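> Before I ask anything, let me first share the structure, which is written out below as structure tokens.
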Amino acid sequence: MQLTQFLSRRRAQKAESRSPLFSFLYSRKIAPYLFVSPFILSVLVLYLYPFYSAIQMSFQRVLPGQVFYVGLENYERVMNPIFFRALQNTSIYVVLTVILLTVLPLMLALILNHRLTRWSNFFRAAIFIPALTSVVVAGTIFRLIFGESDQALANQVLSFIGFSPLDWRYEAWTAMFLMVAMATWRWLGVNVIYFLAALQTVNNDLTEAASMDGANALQRFRHVTLPAIKPIIVFLVTITIINGFRMFEESYVLWESSSPGYIGLTVVRYIYREGIQNNALGFGAAVGIILLAIIFVVSMIQLYLTGAFKKEH
Amino acid sequence: MKKPLWTLGSCAMMLALPHTAMAQQATELTFWTFQQAHATFFEDAEAQWNEANPDRPIDLNAEVYPYDQVHSNLLLALQSGRGAPDLADIEVRQISNYLQGDVPLVPLNDVVEPVLDEMVTSRFDIYAKDGNYYGVDYHVGASVMYYNQEIMDAAGVNIDDIETWEDYAAAGEQVTANTDAVMTTFESDDIFSFWIMIAQQGSDIFDADGQVSLDNQTNIDTLQFMQDMIHEHGTARAAPGGGHHSEEYFGFMNNGGAASVMMPMWYMGRFIDNMPDLENKMQVRPLPRWTEGGDRSAGMGGTGTVITRQSADTELAKEFLAFAKLTRDANIRLWTVLGFDPIRHEVWDSEEVQADNAYYQFFHEGIFNILLDIRDEIPGVNIHELTPTAQQVIETNTLHTALRTGNRTAEQALTQAADEIRMRMR
Chain A
1 MQLTQFLSRR
11 RAQKAESRSP
21 LFSFLYSRKI
31 APYLFVSPFI
41 LSVLVLYLYP
51 FYSAIQMSFQ
61 RVLPGQVFYV
71 GLENYERVMN
81 PIFFRALQNT
91 SIYVVLTVIL
101 LTVLPLMLAL
111 ILNHRLTRWS
121 NFFRAAIFIP
131 ALTSVVVAGT
141 IFRLIFGESD
151 QALANQVLSF
161 IGFSPLDWRY
171 EAWTAMFLMV
181 AMATWRWLGV
191 NVIYFLAALQ
201 TVNNDLTEAA
211 SMDGANALQR
221 FRHVTLPAIK
231 PIIVFLVTIT
241 IINGFRMFEE
251 SYVLWESSSP
261 GYIGLTVVRY
271 IYREGIQNNA
281 LGFGAAVGII
291 LLAIIFVVSM
301 IQLYLTGAFK
311 KEH
Chain B
1001 MKKPLWTLGS
1011 CAMMLALPHT
1021 AMAQQATELT
1031 FWTFQQAHAT
1041 FFEDAEAQWN
1051 EANPDRPIDL
1061 NAEVYPYDQV
1071 HSNLLLALQS
1081 GRGAPDLADI
1091 EVRQISNYLQ
1101 GDVPLVPLND
1111 VVEPVLDEMV
1121 TSRFDIYAKD
1131 GNYYGVDYHV
1141 GASVMYYNQE
1151 IMDAAGVNID
1161 DIETWEDYAA
1171 AGEQVTANTD
1181 AVMTTFESDD
1191 IFSFWIMIAQ
1201 QGSDIFDADG
1211 QVSLDNQTNI
1221 DTLQFMQDMI
1231 HEHGTARAAP
1241 GGGHHSEEYF
1251 GFMNNGGAAS
1261 VMMPMWYMGR
1271 FIDNMPDLEN
1281 KMQVRPLPRW
1291 TEGGDRSAGM
1301 GGTGTVITRQ
1311 SADTELAKEF
1321 LAFAKLTRDA
1331 NIRLWTVLGF
1341 DPIRHEVWDS
1351 EEVQADNAYY
1361 QFFHEGIFNI
1371 LLDIRDEIPG
1381 VNIHELTPTA
1391 QQVIETNTLH
1401 TALRTGNRTA
1411 EQALTQAADE
1421 IRMRMR
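Chains as they are written, first to last, in our numbering: chain A, 1 to 313; chain B, 1001 to 1426.
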């Protein structure tokens, strides 16, 4: 009896002696905020502040030591044929990369996941390696492969199979082909990894039950596998759309100063060209804000259509 | 007891001696450039400065980045007010971006003006604003024609008979008829070929009053002349890879793809570095004339070294810059080390410049006599606030459609470009 009394007294003393900091850290109300604070801080500092600055700058003309407001002038100037050309290029690029970077990786993942595929670990690694390459290095190599010379690799292959050589960096469709090919080459492996992970979550019992009910491979894929990996598909499509609209490097490494006839001009490239190369930071910011709105709307539509907002049953 | 004390004393003195020398600590200066050769040139100047000024040593950090990166990073550093180097190279076509607002560069008048009489002044005007000189160039950039003697001989053309552009075009017919080569290449992704040819006639993108003159008759006729050589006569072609600095072009020219190329004198180094098979085959000559008595060259390209106002010691940076690029010795080294036509014309006929070196060996003797011959025929260009934009428009659309694809006439291409630039001026 004496011992319990002693212990409870001791516990009470200990509680009293806890420092305010201690009780603050252990408070159930505060702790969650404390844990998310690094994230919130980084969002505030690295995203919200630049976002606020960009909005402010889009109404300004910015020169060293001289900043003045110009109202909506920057936004009025954005609506010009070059911007629309950039938007058109970017949109085509987004559509093509979304298709290629979901269909191809899914097919490859299915093949690699199949029990009859041999050396699958080797192929997984091999497909992933381009993602580790610097885009500048990759761009230089692409530029040489598709160089304007009969000796360039791509043109040698073309002549070998009986076609005439192409000026890859000077035609609209070949330029788009180069940018899409580079993006696909780089990101294919990453998406394959996503799909391989998703395929592990497919319930084998369901697959077996379906085959016992007489479903063929295609039906099993459509009615069992596809619904199971749908969240990953939605995720990858969203990411690819956003990355597509943000594309800069592929165009930059192929045409450093500017692309002939704007064939390689993307929206972000246009921001760079106007904001930095032409020293109009305010105008560049206005294009950036418009791009933000476009990505937001497109992503929302896409998420709505794929049912991401519907409540799970 | 006395001896150890004395020894201790002398030891202390010995320790203190290097300390006094250390008191003259080298001032750090940072220099950004996009040309390794320029960095080497300045490092060389640093060593000479330290030898000549042991009381005020400097420690130069020369950093080389790609062309676009140097200009973007520098612009952002100057806009944001921090992070800029002490000295930087700015290419002439980009300079107007840096001369807006409260100019973030240091005026160099007190080191430039005393020697201006010895200099090609037009090379300072392009980096000037409101009477202040902000940059010191590396070269005059006198444009010349580089002929491949072997191909010209095979075609049966005597290059010294080419007086006018008409003669040049006629020689082109002979070259294509008798050899596998074309007469020349024109840049389609870069502005040099076109700009040289119009500047040579006193024309330009912007006139002296700052108005767009891109679509004037001289320019239309010139671009049409270029287009005809490519698409009608087949005597020229758009440069492989888009310009005279691409790997594709170097390979093409090195293998005897073209009989000549028009570029400034500073292009000599590119032959030595990138087209070694042309050694002893190339002849340098003045450009053909457009009219009788017309100019046979034009000052083209250029990179100005500037000092930023963010530099901690602008006075020292300024003196060092003058030492490295304005003195007589410096200008001799601009030729012997870099192969450039120096801005201080007084050295052109000096013994040091005429002495044998790698450039004379690769090409031939008497290169500087050509420069002396055309010294009064090197018109400069007008630099305008919108020069970077104009250059971009011309490179992106005009030359591509007029020269490479040929699906627009010179007049259509230039009118469209001029309108686009005028829109920007509003």
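Note that beta-carbon positions come from the ideal geometry of N, C-alpha and C, so glycine has one too. Because the structure is a prediction, the values reported are computed rather than measured.
In terms of residue numbering, what span does the alpha helix (DSSP H) encompassing residue 239 (chain A) cover?
226-245
> Measuring only the C-alpha atoms, how far is residue 181 (chain A) from residue 1227 (chain B)?
About 33 angstroms.
> If you count every other CB in all the chains shown that lies within 10 Å of the CB of residue 1022 (chain B), and 16 or more means buried, which is it?
Annotation note: pLDDT 44 at residue 1022 (chain B) (below 50); position unreliable, coordinate value reported separately. Residue 1022 (chain B) comes out exposed.
> Buried or exposed: residue 38 (chain A), going by 16 or more other Cβ atoms within 10 Å of its Cβ?
exposed
> At a Cβ cut of 7 angstroms, what residues of the stretch 1296-1313 of chain B count as close to chain A, listed as they run along the chain?
none
> Taking C-beta to C-beta, are residue 1298 (chain B) and residue 1390 (chain B) nearer than 7 angstroms?
no
> Any Cβ of chain A within less than 7 angstroms of the Cβ of residue 1101 (chain B)?
Closer than 7 angstroms to some Cβ of chain A, the Cβ of residue 1101 (chain B) qualifies, so yes.
> Please identify the residue among B:1075, B:1213, B:1268 whose C-alpha is closest to the C-alpha of residue 1422 (chain B).
B:1213
> Taking the C-alpha atoms as reference points, what is the distance between residue 271 (chain A) and residue 1346 (chain B)?
Whole-angstrom Cα-Cα distance: 46 angstroms.
> Tell me whether residue 1344 (chain B) is buried or exposed, calling it buried when 16 or more other Cβ atoms sit within 10 Å of its Cβ.
buried
> Nearest to residue 1032 (chain B) by CA position, among B:1141, B:1047, B:1067, is which residue?
Ranked by Cα distance from residue 1032 (chain B), the first of B:1141, B:1047, B:1067 is B:1067.
> Are residue 1168 (chain B) and residue 1261 (chain B) touching if we call contact CB-CB under 7 angstroms?
no
> So for residue 1090 (chain B), helix, strand or coil by DSSP?
strand
> Name, please, each residue of chain B whose Cβ falls closer than 9 angstroms to the Cβ of residue 262 (chain A).
Within 9 angstroms of the CB of residue 262 (chain A), the CB atoms of chain B belong to 1396, 1397, in sequence order along the chain.
> Are the CB atoms of residue 154 (chain A) and residue 141 (chain A) within a distance shorter than 7 angstroms?
Taking 7 angstroms as the Cβ cut-off, residue 141 (chain A) and residue 154 (chain A) do not qualify as a contacting pair.
> Taking 7 angstroms as the CB-CB limit, is residue 1210 (chain B) close to chain A?
No, its Cβ sits nowhere closer than 7 angstroms to a Cβ of chain A.
> What does residue 170 (chain A) reach in chain B if we use C-beta pairs closer than 7 angstroms?
1404
> Using a C-beta cutoff of 7 angstroms, does residue 60 (chain A) count as contacting chain B?
no
> Quick check: residue 1259 (chain B) and residue 1175 (chain B), are their CB atoms within less than 7 angstroms of each other?
yes
> Could you tell me which whole alpha helix (DSSP H) segments of length 4 or greater appear in the stretch 75-136 of chain A?
81-113, 120-128
> Beta-carbon of residue 1078 (chain B) versus every beta-carbon of chain A: anything under 7 angstroms?
It does: the Cβ of residue 1078 (chain B) has a partner Cβ on chain A nearer than 7 angstroms.
> Starting from residue 281 (chain A), find everything on chain B with Cβ-Cβ shorter than 8 angstroms and list it in chain order.
1079
> Can you tell me whether residue 1206 (chain B) is helix, strand or coil according to DSSP?
strand
> Starting from residue 1304 (chain B) and walking both ways along the beta strand (DSSP E), at which residues does that stretch end?
1303-1307
> Can you pull the chain B residues whose beta carbon is under 8 angstroms from the beta carbon of residue 53 (chain A), in chain order?
Here the premise fails: no neighbours, minimum Cβ distance about 11 angstroms.
> From the DSSP output, in three-state form, read off residue 263 (chain A) for me.
coil
> Which ranges does the beta strand (DSSP E) cover as unbroken runs of at least 3 residues, wholly within the stretch 1041-1082 of chain B, from first to last along the chain?
1058-1064
> What residue range is occupied by the uninterrupted beta strand (DSSP E) comprising residue 1148 (chain B)?
DSSP places residue 1148 (chain B) in the uninterrupted beta strand (DSSP E) bounded by 1143-1148.
> At 8 angstroms on the CB atoms, spell out the chain A contacts of residue 1251 (chain B), in chain order.
Per Cβ cutoff of 8 angstroms: 149, 151.
> Residue 1097 (chain B) versus chain A: which residues are under 7 angstroms apart at the beta carbon?
279
> Residues in its own chain within less than 7 angstroms of residue 1097 (chain B) by CB, not counting five upstream and five downstream?
Excluding sequence neighbours, residue 1097 (chain B) sits near 1075, 1388.
> For the beta strand (DSSP E) that contains residue 1032 (chain B), what are its first and last residues?
1027-1033
> Flag residue 1068 (chain B) as yes if its beta-carbon sits less than 7 angstroms from any beta-carbon of chain A, otherwise no.
yes
> Note down the Cα distance separating residue 191 (chain A) from residue 123 (chain A), rounded to an integer number of angstroms.
Cα to Cα, the separation comes out at about 14 angstroms.
> Taking 7 angstroms as the CB-CB cut-off, is residue 46 (chain A) touching chain B?
no
> So if I threshold CB-CB distances at 7 angstroms, which residues from the stretch 63-85 of chain A count as touching chain B?
63, 64, 65, 66
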